[in-house]
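**Q** Take this structure, written in structure tokens, and hold onto it; I'll ask about it next.
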Amino acid sequence: RRGSLCWQAMLAGTSAGASSSTTALVPTDTATEPADQPTDQPPTSLSGIRPILQNIVATCNLGIALDLKTIAMHARNAEYNPKRFSAVIMRIRDPKTTALIFKSGKMVVTGAKSEEQARQAARKFARIVQKLDFPARFTDFKIQNMVGSCDVKFPIRLEGLAYKHSHYSSYEPELFPGLIYRMVQPKIVLLIFVSGKVVLTGGKVRNEIFSAFEQIYPVLQEFRKLPAAAAATALTPAT
5 RRGSLCWQAM LAGTSAGASS STTALVPTDT ATEPADQPTD QPPTSLSGIR
55 PILQNIVATC NLGIALDLKT IAMHARNAEY NPKRFSAVIM RIRDPKTTAL
105 IFKSGKMVVT GAKSEEQARQ AARKFARIVQ KLDFPARFTD FKIQNMVGSC
155 DVKFPIRLEG LAYKHSHYSS YEPELFPGLI YRMVQPKIVL LIFVSGKVVL
205 TGGKVRNEIF SAFEQIYPVL QEFRKLPAAA AATALTPAT
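For the sequence shown, my numbering begins at 5 and goes up steadily by one.
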């Protein structure tokens with residue numbers, strides 16, 4: 005479970021707000037977040053493939069300093085080890101999410117599959133803290149990151165893609181098996197694997213994830229790896 009939590013935190017990519025590396029998920033500003041972004045039908049998919057949201061990272065502020073030991077002792081499914089990590093780790097089953105609750109009252113919620121689930125989970129965690137006699141409030145809810153994934157169903161020549169798109173790509177197979185593609189607009193990071201699997205992270209709204217995939221799909225088709233027989237036929241000069 006700790007390994008999964010660390011992976012989610014790594015993908016979160018939010019700005020630093022505390023001394024610990026994972027507390028960087030907490031935003032330093034306290035600007036009130038507008039209502040959830042509309043989840044209307046996304047734009048028409050020319051690729052015929054729609055990325056599936058796998059994880060949403062959201063933050064909120066409970067508006068009060070907290071006694072983390074008290075929360076860990078009296079709340080269910082909560083753990084606190086200040087020598088390892090400076091927050092209470094709390095989990096709920098519906099929706100299946102995990103919260104990092106900090107002494108300052110800042111809270112990070114991970115694991116939701118939709119914007120509504122993220123908000124619902126954050127409210128539930130806030131209510132749990134309220135039931136422990138803390139006058140907590142639910143404020144400054146904001147979605148910080150979305151992670152989506154999909155499969156294009158064909159293998160990809162990562163070496164060729166990295167060479168032609170060197171300004172945006174990083175590919176070091178000795179260190180990591182996927183190609184890292186940093187898209188400028190929308191500002192999304194894609195992990196592209198030779199199998200055709202694609203992970204997209206960094207979006208604040210789901211349409212950024214969908215738009216980024218629509219932009220990268222023609223590039224992936226360009227570097228589609230042909231079967232050995234087809235590749236040999238393509239290389240054979242015509243007589």
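Idealized CB from N, CA, C, for every residue including glycine.
Within the same chain, show all residues whose beta-carbon is closer than 7 Å to that of residue 139, passing over the 5 residues directly before and after it, in chain order.
**A** Closer than 7 Å at the Cβ level, and outside the excluded window around residue 139, lie 68.
**Q** Can you give the beta carbon distance from residue 183 to residue 166, rounded, assuming they're within the 8 Å contact cut?
**A** The pair is a contact, with the Cβ atoms about 6 Å apart (cut-off 8 Å).
**Q** List, from N- to C-terminal side, the beta strand (DSSP E) runs of 3 residues or more that fit wholly inside the segment 64 to 150.
**A** Whole beta strand (DSSP E) segments, 3+ residues: 91 to 96, 101 to 106 and 110 to 116.
**Q** What is the residue span of the alpha helix (DSSP H) that residue 167 lies within?
**A** That run of the alpha helix (DSSP H) goes 162 to 168.
**Q** Just mark residue 196 as buried or exposed, buried being the case when its beta carbon has 16 or more other beta carbons within 10 Å.
**A** It is buried - the Cβ of residue 196 has at least 16 other Cβ atoms within 10 Å.
**Q** Quick one: grab the DSSP three-state call for residue 51.
**A** Correct three-state label for residue 51: coil.
**Q** If we call anything under 8 Å between Cβ atoms a contact, is residue 75 one with residue 150?
**A** No, these two residues do not count as a Cβ contact at 8 Å.
**Q** Let me know the secondary structure DSSP gives residue 213 once reduced to three states.
**A** Residue 213 falls in the helix class under three-state DSSP.
**Q** Among the residues of its own chain, which have a CB less than 7 Å from the CB of residue 226, if the five just before and after it don't count?
**A** There are no such residues.
**Q** Cutting at 6 Å between CB atoms, please list the residues of its own chain near residue 221, excluding the five before and the five after it.
**A** Closer than 6 Å at Cβ, skipping near neighbours: 51.
**Q** Starting from residue 196, follow the beta strand (DSSP E) in both directions and report where the run begins and ends.
**A** Start and end: 193 to 196.
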